[in-house]
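So the sequences go chain by chain: A and B. Everything in the first sequence is counted per my numbering, starting at 4 for the first residue and increasing by one. Everything in the second sequence is counted per my numbering, starting at -17 for the first residue and increasing by one. Ideal placement from N, C-alpha and C gives every residue a C-beta, glycine not left out. Keep in mind it's a predicted model, so treat the numbers as computed, not measured. What follows is one structure encoded as structure tokens, with my remarks underneath.
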Amino acid sequence: MSISMALFSPHASLSPYSSSHSVVTHKPLFTLRPKRSSFVISAAASDGNGGAGVAVSVAEEQPKAEAANGPVAAASASAVETEEEAAVVLNSFKDPRWVNGTWELKQFEKDGKTDWDAVIDAEARRRKWLEDNPESSSNDDPVVFDTSIIPWWAWMKRFHLPEAELLNGRAAMIGFFMAYFVDSLTGVGLVDQMGNFFCKTLLFIAVLGVLLIRKNEDIETLKKLIEETTFYDKQWQATWQDETKKD
Amino acid sequence: MASIALKTFTGLRQSSEKTPHFAVQRPTKTHFQKARIVASKTSPKLGNRNLRVAVIGGGPAGGSAAETLAKGGVETFLIERKLDNCKPCGGAIPLCMVGEFDLPLDIIDRKVTKMKMISPSNVAVDIGRTLKPHEYIGMVRREILDAYLRDRAAENGAKVINGLFLKMDLPGDRNAPYLLHYTEYNGTKGGVGEKKTLEVDAVIGADGANSRVAKSIGSGDYEYAIAFQERVRIPEDKMAYYENLAEMYVGDDVSPDFYGWVFPKCDHVAVGTGTVTHKGDIKKFQLATRNRARDKIMGGQIIRVEAHPIPEHPRPRRLSGRVALVGDAAGYVTKCSGEGIYFAAKSGRMCAEAVVEGSENGKRMVEESDLRKYLEKWDKTYWPTYKVLDLLQKVFYRSNPAREAFVEMCADEYVQKMTFDSYLYKTVVPGNPLEDLKLAVNTIGSLVRANALRREMEKLSS
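In structure tokens form, the structure reads like this:
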């Protein structure tokens, strides 16, 4: 699109890179406090700029703004971009507990022990912030945080256990009703079912199904994944299919 | 670059050790062998002349193919449309290429010994600690490398023709020659060349991603990535940081399926990015890459903007009759790292070796089956490398959490050692099994943690 090209070209031909972008009045100066309202403010500010689609482009860097309807969207996208760049220059990620490129665990202490959940929350918020407002990586204050400093049991407790509970619950419900169903159809009790090969296979399939298919979309996803694993191989062997056909 | 031997992840055919240098094998066939169709034995001896082969395209693939052909006694024609072409390119060559192709050290502008990987949340990891003092990634200017290889081919007897290949007439019967139509540029005509034709017995298509030779033999299309790059001249003090360091930025903002880079060149840096699936947004990705590197390239002047296609996978037909494709024309660019120069040169050489061997140093006509041997050898030698890199791309370039995990994994010394060993010497190295297991566990751990954080992030935005 010529207009978006024209809008982009000032960036491209900007000879010396200067950090002196004009401050846009909309964007409030705020440090990131652990409140969800901060994101609402940013969304509202950019909404004021015009174009509902624009707020989307700030929240997620989707190409929707570009693909959208013509000059208006492109103009506001570029304006948001400058605003965003200005915002980035003015407020990069700041948090009192983020010291020297990593989380200072001392500040997360609760009752004398590190509150790992709070560390996980803080890191999630930082990543979300950076995803929405990508920042320049700098040599002066490099980011050295490694998620493995959070011990494995903290991850288990927070993420694995609730999900495990959910899946085990589903498996138990399915198991109970399948056992009842098979018993009512064939008269084979639960203990005898476990001795039968066919029933054991059904059990295996049920467990796999519960593990792999969490949402309706997962069935399609699984099919695509299976195709994907062999796609590259097929592309490489295409030249050999040709040979066998030619005979 | 990121070619890690993950034995536990994939059930690859682990090739047993391969020597990086392939000598031309002398055939040991007897005259009366009938068990295999050895076509070169049934193809006619060319009485009073040598085999004529045209190499279309004078880049690394064409140059090395022409050199090997000429050394093997074949009458070689190298057709290149622009002898001073500054091909837009990352310009990185692995260490083994310097040895295998006897490259003089003065064509290497810079020796990169450190790389920095930067994740979407700006976690920066330095890799290169495990490199030995003599190991490096060479950064070259394509115009210098290409010219060197072409000149060497000419010294060995190849005829370099400055011309643009137009089309090719396929042969009428089994041993008839191919008729090439091309436009020759010589100084006198001032730009508009004169149309000429050339009769040859075999053709090696080394004319790059938009190969016309490939079109002539109907070899089919491939998906390709667009790589967009800006050359930026930055102030001296900032250039000192990039003295022997290259950077790789990953993230959805920089590219949805590739990476952004800052590579040092002779006296400036190249800042670029690429994508397969969202080609229309390449400018946006480029801006994001510049943004991420902003502090380090501040005060820089853009001196050049360039873009080029990168094949994603081989063409469906890499060979037809006595025409074979090599290099980018065949689609030999690895996934994940997008490396193509070494594979282009190597495939050119391998194909030429197959021609020389099949024609017994130019004395006999070649057949398609002789050229197929090159494909067999190529696939067998480099298939594990390509497959591992494809797997890495599928696993680690999938999403931001995966990229975070990728960068986290790169901090590990074992990973760095495996990566560099595989990249510099182009062998999939079977590592220590215990370390491999630890690596697999750590990888899964990183991926799980990053994805768990992603779910937290989604909760925040909803």
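- At a C-beta separation below 7 Å, L133/A has these neighbours in chain B: P102, S103 and N104.
- In the structure shown, A275/B falls within a coil segment according to DSSP collapsed to helix, strand and coil.
- Residues of chain A whose Cβ lies closer than 8 Å to the Cβ of W365/B are, in chain order, W239.
- Closer than 7 Å at the C-beta level to chain A, one finds no residue of the region 191 to 212 of chain B.
- Scanning its chain for C-beta atoms nearer than 7 Å, with the 5 sequence neighbours on each side dropped, one finds around H295/B the residues Y204, E205 and G313, in chain order.
- Around the CB of M391/B, 16 or more other CB atoms lie within 10 Å, so the residue is classed as buried.
- From the listed residues R437/B, P26/B, K149/B and F59/B, the smallest Cα separation to A36/B is found for F59/B.
- At a cut-off of 8 Å, the C-beta of R300/B has a neighbouring C-beta in chain A.
- By the Cβ test, the region 49 to 58 of chain B is in contact with the region 335 to 343 of chain B, since at least three Cβ pairs between them sit closer than 8 Å.
- Here C333/B is buried, its C-beta having at least 16 other C-beta atoms within 10 Å.
- In the structure shown, E220/A falls within a helical segment according to DSSP collapsed to helix, strand and coil.
- Per the C-alpha coordinates, the member of A140/B, K93/B and G282/B positioned closest to E49/B is A140/B.
- DSSP places Y160/B in the uninterrupted beta strand (DSSP E) bounded by Y160 to E166.
- Between M99/B and V370/B, the CB-CB gap reaches or exceeds 8 Å.
- Against chain A, the beta carbon of H295/B has neighbours under 8 Å at Y235, Q238 and W239, listed in chain order.
- Among the residues of chain B, those whose CB is under 7 Å from the CB of A127/A are L435, E438, M439 and L442, following chain order.
- Nothing from the region 193 to 221 of chain A brings a Cβ to less than 7 Å from some Cβ of chain B.
- With contacts defined by Cβ atoms closer than 8 Å, V236/B and F245/B do not form a contacting pair.
- Per DSSP, K96/B is one residue of the beta strand (DSSP E) stretching across K96 to I100.
- Closest in C-alpha terms to P86/B, from the list L65/B, A129/B and Y224/B, comes A129/B.
- Among the residues of the region 367 to 399 of chain B, those with a Cβ less than 8 Å away from any Cβ of chain A are Y368, K369, D372, K376, N382, E386, E390 and A393, in the order of the chain.
- For N103/A, the nearest beta carbon of chain B is not closer than 8 Å to its own beta carbon.
- For the pair A174/A and V146/A, the CB atoms are not nearer than the 8 Å cut-off.
- Look at F179/A: its C-beta is not under 8 Å from any C-beta on chain B.
- With respect to chain A, the C-beta atom of D310/B has no partner C-beta closer than 8 Å.
- Along the region 254 to 278 of chain B, going in chain order, the ones with a CB nearer than 9 Å to a CB of chain A are H260, G262, D263, K265, K266, Q268, L269, A270, R272, N273, R274, A275, R276, D277 and K278.
- Annotation: Cβ neighbours of F148/A in chain B (cutoff 9 Å, chain order): S103 and V105.
- Taking one beta carbon from each stretch, the region 259 to 269 of chain B and the region 132 to 148 of chain B have fewer than 3 pairs nearer than 8 Å; the two do not touch.
- Three or more pairs of CB atoms, one per stretch, sit closer than 8 Å, so the region 289 to 306 of chain B contacts the region 190 to 209 of chain B.
- Distances from the CA of R274/B to each of A106/B, I89/B, D84/B and G44/B were compared; the closest alpha carbon is that of A106/B.
- The alpha helix (DSSP H) runs of length 4 or more contained entirely in the region 293 to 343 of chain B are, from start to end of the chain, 323 to 340.
- By the criterion of a C-beta distance shorter than 6 Å, W119/A is surrounded in its chain by I153 and A157, once the five residues flanking it on both sides are discounted.
- Taking a contact to require three or more Cβ pairs closer than 8 Å, the region 67 to 87 of chain B and the region 401 to 414 of chain B qualify as touching.
- For S201/B against R297/B, the beta-carbon gap comes to about 5 Å, under 8 Å, which counts as contact.
- Three or more beta-carbon pairs drawn from the region 275 to 282 of chain B and the region 208 to 222 of chain B are found closer than 8 Å, and the two stretches are therefore classed as touching.
- For R63/B, no chain A residue has a C-beta closer than 8 Å to its own C-beta; the minimum C-beta separation is roughly 26 Å.
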